[in-house]
Amino acid sequence: MNKNNLMHLRDKFLLASDWHIHTNYVHGKHTILECVKKGEENGLKLIVIVEHVRQNLTYDFSELLEEIDMIRKESKIKILSGAEAKVRDINGNLDMSSEVKKKVDVILGAFHSWFKQTTPTKEEYLEALLNMMKRKEIDIWAHPLLLPMRHDIYFEDDEIFEIVKTIKKYEIFVEINLRYKLPPTNFLNTILKESIPFVISSDAHSKYEIWDKSKPDFISSEVWQKIKNGG
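As structure tokens, this is what we get:
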């Protein structure tokens, strides 16, 4: 999506949107319609229906988009289509077909696992992460820093600065992910201080996990007030 359009939607619906909701097309438990209705019930004004993608899909992505289009006509809230693609090499390439890239509204880039049999080093992860951003294919960095945290990899201030600088340069949005309680507090404070655009996402795999606009328990009241003020 055009970055200006994305920013407009983000600003307009900041505290009434959920940018990462999975359905029963892949790993979720509920249908698109059930998720939309739950989003309406929770007082949301915008949701993004996101599914995991690969180069070779095991489901019909066009069918997913057609169903979203059909439900949009009757919905009270704005619905975007999203694809969550994993990084598949050190160059930051996404495991995603060019066809899906063209059709989807929002692309989320993520590290679900390391693409080699070895455990990633800090240097390798940073290289792959920054390359993902430099390719300018993603709109949102999904569950930020999840992979390094799972491998007990932590970053110094200068390394965080390098990440933030790259995010700014390539106009990447950072996801506040409620499922994994990410990004870590120090990184969240940095993106707020540096006015990095962020979105709030439940990463729901059930309609009951869709955000209800309440303050997440892992975010302090002070930081939440900054988020409510747009950063």
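Numbering (numbering that gives the first Met the number 0), first residue to last: 0 to 230. Glycine is no exception: its CB is placed at the ideal position from the N, C-alpha and C atoms.
One Cα belongs to T118, the other to R71, and the distance between them is close to 43 Å. Contact check for I175 against F197 passes: the beta carbons are separated by less than 8 Å.
With fewer than 16 other CB atoms across the displayed protein chains lying within 10 angstroms of its CB, Y207 is exposed.
Around the beta carbon of Y124, 16 or more other beta carbons lie within 10 angstroms, which makes this residue buried.
The segment 131 to 139 and the segment 103 to 110 touch, with three or more beta-carbon pairs separated by less than 8 Å.
Burial is judged here by how many other beta carbons sit within 10 angstroms of a residue's own beta carbon; D157 has fewer than 16 and is exposed. Distance between M6 and A15, taken at the CA atoms: about 14 Å. Short of 6 Å from the beta carbon of G27, and not among the five residues preceding or following it, lie these beta carbons of its own chain, in chain order: H21 and H204. According to DSSP, residue pairing for K85 in a beta bridge involves A109.
Taken atom to atom, the span from the alpha-carbon of I139 to that of K85 is near 12 Å.
Assigned with DSSP and collapsed to three states, H21 falls in coil, not helix or strand. V173 is bridged by DSSP to W140 and F197. When only Cα atoms are considered, E65 and R9 end up about 24 Å apart. In the DSSP assignment, H51 falls within the beta strand (DSSP E) that extends over L45 to H51. Between F186 and I166, the C-beta gap is not smaller than 8 Å, which leaves the two residues out of contact.
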